[in-house]
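*Asks:* Numbering (this note's numbering), first residue to last: 134 to 490.
We treat Cβ as the ideally placed atom computed from N, Cα and C, and that holds for glycine.
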Ligand SMILES: *Cc1c(COP(=O)(O)O)cnc(C)c1O
């Protein structure tokens with residue numbers, strides 16, 4: 134049996150943290166986003182490797198934060214969607230979780246006796262339009278939070294909609310709104326995700342929140358990961374299950390999407406959309422086999438992919454192949470799948486074997 138394998142590099146993870154550190158001023162803190170199972174890399178194993186190396190870990194929901202404390206992670210954890218009941222506020226205070234507060238119901242939940250104060254992140258919607266208070270409400274909400282006995286530090290936060298695109302007018306619009314609130318806000322401030330860390334130094338404020346860049350993927354539209362000195366943390370691999378010489382006129386995959394117009398040597402790979410490889414990959418999507426880029430032919434199945442390996446010498450069953458990662462940036466594969474690296478990484482399934490080096 135050949136199993137898909139995700140090889141994960143501790144060295145590259147640490148390297149990428151250092152790259153982000155070089156982008157920011159000395160006194161700026163780093164929150165690494167580990168939501169969505171650390172973008173598919175494994176939330177516990179990734180967070181344990183970041184523990185003590187960064188200032189905060191960011192998760193979406195409280196169950197993720199609890200899982201991290203249970204496996205021994207000591208770093209401060211911020212829950213980016215906050216919590217919705219008083220019991221969870223108590224849990225947060227006991228476990229040193231910071232809470233994002235984005236609506237009034239959440240503020241009412243803070244009105245509960247706590248063993249110690251909880252830090253809250255006041256979320257303002259500057260234009261992404263998902264959650265948060267209106268800019269005009271920020272001051273009033275700040276005063277409300279200050280009057281809550283259980284509230285410790287109050288941190289101002291917002292999120293950018295278009296940070297990957299330096300020229301998008303949304304960025305200056307959102308940053309201007311944020312700067313106006315920030316100018317008379319006494320606490321710490323945070324708005325920058327990976328794209329903004331590289332594109333907009335003026336957005337760094339006190340805490341930056343990199344996600345995708347920590348996993349080694351370029352957050353910028355027109356710059357590659359090599360360009361930014363980021364190195365892939367995950368290399369997704371599998372093995373050749375079968376090699377066959379097929380005559381011209383053969384058809385491949387569901388829907389017989391591809392028909393060969395010449396004789397071809399074709400390898401079938403033990404990987405499919407059931408493992409998280411995108412079914413949307415078109416003919417020609419590259420797979421790295423023995424240092425050669427080989428094009429996918431035919432539709433990706435649940436457990437198999439067919440590849441034209443006519444150009445590869447001495448190929449045989451059991452040979453390792455790279456779907457993305459070292460040698461084949463996921464950004465490059467994404468272009469052939471009508472998808473983005475974020476979605477592809479967080480779609481990797483648990484039946485893939487994860488192995489940290
Ligand atoms: C996911 C997330 C980030 C990280 O974004 P990247 O583009 O992966 O760097 C930052 N802030 C918030 C609020 C997020 O939800």
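Suppose only complete runs of 4+ residues qualify. What are the alpha helix (DSSP H) ranges in the region 418-473, listed by chain order?
*Replies:* Those alpha helix (DSSP H) runs which fall completely within the region 418-473 and span 4+ residues are 463-467.
*Asks:* Does the structure place the region 228-240 close enough to the region 195-204 that three or more beta carbon pairs sit under 8 Å?
*Replies:* Result yes; three or more Cβ-Cβ pairs closer than 8 Å.
*Asks:* Compare the Cα-Cα distances from residue 349 to each of 341, 359, 340 and report the closest residue.
*Replies:* Minimum Cα distance to residue 349 is reached at 359.
*Asks:* Looking only at C-alpha atoms, which of 462, 403, 157 sits nearest to residue 426?
*Replies:* Closest option to residue 426, Cα to Cα, is 462.
*Asks:* Assuming residue 192 and residue 168 are in contact, meaning their beta carbons sit under 8 Å apart, how far apart are those beta carbons, in whole angstroms?
*Replies:* About 5 Å separates the two Cβ atoms, so the contact holds.
*Asks:* Would you kindly report the start and end of the unbroken beta strand (DSSP E) that includes residue 189?
*Replies:* Looking at the DSSP string, the run of the beta strand (DSSP E) that includes residue 189 is 189-192.
*Asks:* Opposite residue 147 in the DSSP bridges: which residues?
*Replies:* Looking at the DSSP assignment, residue 147 forms no beta bridge with any residue, so it has no partner.
*Asks:* Report yes if the C-beta distance between residue 172 and residue 478 is below 8 Å; otherwise report no.
*Replies:* Going by C-beta atoms, residue 172 is nearer than 8 Å to residue 478.
*Asks:* Since residue 211 sits in a beta bridge, which residues does DSSP pair it with?
*Replies:* 191, 231, per the DSSP bridge assignment.
*Asks:* Is any heavy atom of ligand 1 found at a distance shorter than 7 Å from the C-beta of residue 88?
*Replies:* Look at the range of the chain in this structure, 134 to 490, and you will see that residue 88 is not part of it.
*Asks:* May I have the straight-line CA-CA distance separating residue 483 from residue 408, to the nearest angstrom?
*Replies:* Those two C-alpha atoms are separated by around 8 Å.
*Asks:* For the beta strand (DSSP E) containing residue 284, name the first residue and the last one.
*Replies:* Residues 284-290.
*Asks:* Helix, strand or coil: which one does DSSP assign to residue 258?
*Replies:* In the structure shown, residue 258 sits in coil (DSSP, three-state: anything other than H, G, I, E or B).
*Asks:* Taking three-plus beta-carbon pairs below 8 Å as touching, is the region 214-222 in contact with the region 173-183?
*Replies:* Touching, no, given that fewer than three Cβ pairs across the two stretches are closer than 8 Å.
*Asks:* Using DSSP with H/G/I as helix, E/B as strand and the rest coil, what is residue 222?
*Replies:* Here residue 222 sits in helix by DSSP.
*Asks:* DSSP beta-bridge partners for residue 401?
*Replies:* Residue 401 pairs with 375, 439.
*Asks:* Taking only beta-carbon atoms, is residue 472 less than 8 Å away from chain B?
*Replies:* The structure shown contains no chain B, having only a single protein chain.
*Asks:* Which of the three DSSP states, helix, strand or coil, is assigned to residue 414?
*Replies:* Residue 414 falls in the coil class under three-state DSSP.
*Asks:* For the alpha helix (DSSP H) holding residue 134, just list the boundary residues, first then last.
*Replies:* Segment: none, residue 134 is in no alpha helix (DSSP H) and carries neither H nor E.
*Asks:* CB residue 365 to CB residue 327, shorter than 8 Å?
*Replies:* Not in contact: residue 365 and residue 327 (Cβ atoms no closer than 8 Å).
*Asks:* Taking only runs of the beta strand (DSSP E) that begin and end inside the region 321-396, which ones reach a length of at least 3 residues, in chain order?
*Replies:* Correct list: 367-379.
*Asks:* Could you check whether residue 343 and residue 165 sit closer than 8 Å to each other, using their CB atoms as the reference points?
*Replies:* Contact: yes.
*Asks:* Rounding to the nearest angstrom, what Cα-Cα distance links residue 241 and residue 137 in this structure?
*Replies:* One C-alpha to the other measures close to 47 Å.
*Asks:* Taking one C-beta from the region 411-427 and one from the region 462-473 each time, how about it: are there three or more such pairs within less than 8 Å?
*Replies:* Yes, the region 411-427 touches the region 462-473.
*Asks:* I need the DSSP call for residue 301, collapsed to helix, strand or coil.
*Replies:* If DSSP states are grouped into helix, strand and coil, residue 301 belongs with coil.
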